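Start counting the sequence shown at 559; every next residue gets the next number (the working numbering). Glycine included, every Cβ here is placed at the ideal spot set by N, Cα and C. All values derive from a computational prediction rather than experimental measurement.
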Amino acid sequence: MNALNKPVNVGIVGLGTVGGGALNLLRDNAAELSRRTGREIRVSHVGIRRDKPGLELAGITVSNDIFAVVNDPAVDIVVEVIGGTTTAREIVLQAIANGKHVVTANKWLLAEHGNEIFAAAEAKGVYVAFEAAVAGGVPIIKVLREGLAANRVDWLAGIINGTGNFILTEMRDKGRDFADVLVEAQALGYAEADPAFDVEGIDAAHKLTIMASLAFGIPLQFDKAYVEGITQLTRDDVAYAEELGYRIKHLGIARRTADGIELRVHPTLIPAERLIANVHGVKNAVLVQSDPVGATLYYGAGAGAGPTASAVVADIVDLVRSLTAESSPNVPHLAFMPQAIAATPILPMESVVTSYFLRLQAEDKPGVLADVTRILSSRGISIEAIVQKPVQAEGAVPVIILTNPVLEREMNRAIAELEALSDIVGAVTRIRLETLA
Ligand code: HSE
Numbered sequence: 559m560n561a562l563n564k565p566v567n568v569g570i571v572g573l574g575t576v577g578g579g580a581l582n583l584l585r586d587n588a589a590e591l592s593r594r595t596g597r598e599i600r601v602s603h604v605g606i607r608r609d610k611p612g613l614e615l616a617g618i619t620v621s622n623d624i625f626a627v628v629n630d631p632a633v634d635i636v637v638e639v640i641g642g643t644t645t646a647r648e649i650v651l652q653a654i655a656n657g658k659h660v661v662t663a664n665k666w667l668l669a670e671h672g673n674e675i676f677a678a679a680e681a682k683g684v685y686v687a688f689e690a691a692v693a694g695g696v697p698i699i700k701v702l703r704e705g706l707a708a709n710r711v712d713w714l715a716g717i718i719n720g721t722g723n724f725i726l727t728e729m730r731d732k733g734r735d736f737a738d739v740l741v742e743a744q745a746l747g748y749a750e751a752d753p754a755f756d757v758e759g760i761d762a763a764h765k766l767t768i769m770a771s772l773a774f775g776i777p778l779q780f781d782k783a784y785v786e787g788i789t790q791l792t793r794d795d796v797a798y799a800e801e802l803g804y805r806i807k808h809l810g811i812a813r814r815t816a817d818g819i820e821l822r823v824h825p826t827l828i829p830a831e832r833l834i835a836n837v838h839g840v841k842n843a844v845l846v847q848s849d850p851v852g853a854t855l856y857y858g859a860g861a862g863a864g865p866t867a868s869a870v871v872a873d874i875v876d877l878v879r880s881l882t883a884e885s886s887p888n889v890p891h892l893a894f895m896p897q898a899i900a901a902t903p904i905l906p907m908e909s910v911v912t913s914y915f916l917r918l919q920a921e922d923k924p925g926v927l928a929d930v931t932r933i934l935s936s937r938g939i940s941i942e943a944i945v946q947k948p949v950q951a952e953g954a955v956p957v958i959i960l961t962n963p964v965l966e967r968e969m970n971r972a973i974a975e976l977e978a979l980s981d982i983v984g985a986v987t988r989i990r991l992e993t994l995a
């Protein structure tokens with residue numbers, strides 16, 4: 559057996575939902591994977607900080623010191639699936655320093671430390687693959703980096719947190735309680751270790767940060783992303799949006815404009831007839847508008863052991879082929895050549911132009927709506943639709959307004975003026991609206 563057809567040894571650091579799924583998939587599909595790569599791929603070493611009763615690990619070296627995996631000379635490829643940004647960063651950098659290729663599903667790590675990690679990998683001539691970091695089993699990294707390589711991306715918009723979409727779907731379709739659905743998402747292995755990352759939009763912002771870098775050839779800049787989660791959404795807003803022909807989805811949006819890049823995650827009204835409006839449960843979807851291909855849509859399971867393992871193992875297959883070719887994958891980590899990464903600014907949210915759904919509670923008195931429309935028009939905000947709902951028990955009238963596109967800064971000022979009106983009760987609810995046309 560020569561070096562190019564001997565088995566490839568994989569070391570896995572972390573055996574949670576994703577690591578366990580990858581281990582099982584490498585075993586279950588071993589014959590098919592070997593047909594695809596011409597090599598046997600075997601898990602030779604796993605690192606787990608605590609023993610995991612019930613896992614079949616016969617024939618595999620098991621270390622509680624997880625650094626033993628990356629320092630094992632026999633390991634060819636390290637799979638980092640422990641999550642977090644401290645030990646995970648050290649593990650990945652140590653694997654790179656040891657000249658090993660890495661596969662990671664860790665979007666948090668890449669969104670915050672990806673620039674450093676990719677630079678280290680490039681200097682060492684190894685590769686850090688991360689298909690599993692975004693949209694679970696949907697191969698969106700390969701799409702943005704390779705499939706759409708001929709295109710100039712204008713914008714992308716995605717449902718990129720399975721837990722959040724699962725919660726929104728169950729709340730809307732079955733009237734279930736937020737907390738109760740979240741517990742189910744955790745039991746199904748969808749949620750992050752800290753589920754606040756899912757429901758407060760942080761996980762989606764990590765993934766959006768990565769996709770924006772691949773789409774536009776810019777550094778990873780998670781700290782510049784605008785992040786809003788789903789915890790403030792009410793069933794009333796969902797119902798009012800539906801009556802007007804819209805669905806509320808939690809979207810990550812990255813858009814190229816003349817002034818810079820929009821990078822934002824927030825609940826969004828989208829026309830109910832769009833395909834992406836019909837993406838339910840744990841499914842993710844990413845809509846990419848690029849030239850010349852136009853709009854393309856990518857859909858599939860965004861979380862869970864099997865779908866995420868599918869992406870991890872696809873990366874392993876790529877790396878095994880590279881090892882056999884005695885090369886490193888020649889696709890740049892961020893899709894563009896490192897020296898061509900652009901310093902295009904990320905726009906602050908106040909400089910973003912979008913449409914809005916506003917809900918306000920007005921006293922049932924003559925002249926209130928006139929005051930509302932006067933404030934909006936004085937800020938150059940034109941109204942697309944206005945609906946007054948029946949008086950509620952406490953005497954206030956819900957008023958729903960859809961606006962045409964306007965600068966967020968102007969909308970912030972208008973909302974402050976509306977809330978200062980004595981006949982407007984409480985805070986104004988604002989949900990951004992995108993036609994995705
Ligand atoms: N917690 C994530 C989600 C897992 O629900 O989408 C997949 O990245």
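With fewer than 16 other CB atoms across the displayed protein chains lying within 10 angstroms of its CB, residue 850 is exposed.
Sorting 938, 943, 644 by C-alpha distance to the C-alpha of residue 969 places 938 at the top. With the criterion CB distance below 6 Å from any heavy atom of the ligand HSE, the matching residues run 694, 719, 720, 721, 748, 749, 750, 756, 761, 860, 861 along the chain. With a beta-carbon spacing of about 15 Å, residue 750 and residue 789 fall beyond the 8 Å limit used to define contacts.
Contact between the segment 798 to 813 and the segment 687 to 702 is not established, with fewer than three Cβ pairs separated by less than 8 Å. The three-state reading of DSSP puts residue 984 in strand, counting E and B together. Residues 687, 887 of the same chain have their beta carbon placed closer than 7 Å to that of residue 876, with the five preceding and five following residues left out of the count. Residue range 760 to 774 is occupied by the alpha helix (DSSP H) that includes residue 765. Under the three-state reduction of DSSP output, residue 854 falls in the strand class. By the C-beta density criterion, residue 901 is exposed, having fewer than 16 other C-beta atoms within 10 angstroms. DSSP, read as helix, strand or coil, puts residue 645 in helix. Ranking 780, 988, 966 by CA distance to the CA of residue 960 puts 988 first. Bridge pairing for residue 989: 915 [DSSP]. DSSP places residue 964 within a strand segment (E or B) once states are collapsed to three. Contact check for residue 855 and residue 994: beta-carbon distance about 10 Å, past the 8 Å limit, so the pair fails to qualify.
If you compare the alpha carbons of 760, 744, 955, 966 with that of residue 990, the shortest gap goes to 966. About 5 Å separates the CB atoms of residue 649 and residue 571; that is less than 8 Å, so the two are in contact.
Contact annotation: the segment 707 to 725 does not touch the segment 671 to 683, with fewer than three C-beta pairs closer than 8 Å. Around the C-beta of residue 945, fewer than 16 other C-beta atoms lie within 10 Å, and the residue is accordingly described as exposed. DSSP places residue 896 in the helix class (H, G or I) of the three-state scheme. In this structure, the beta-carbon distance from residue 604 to residue 567 does not fall below 9 Å.
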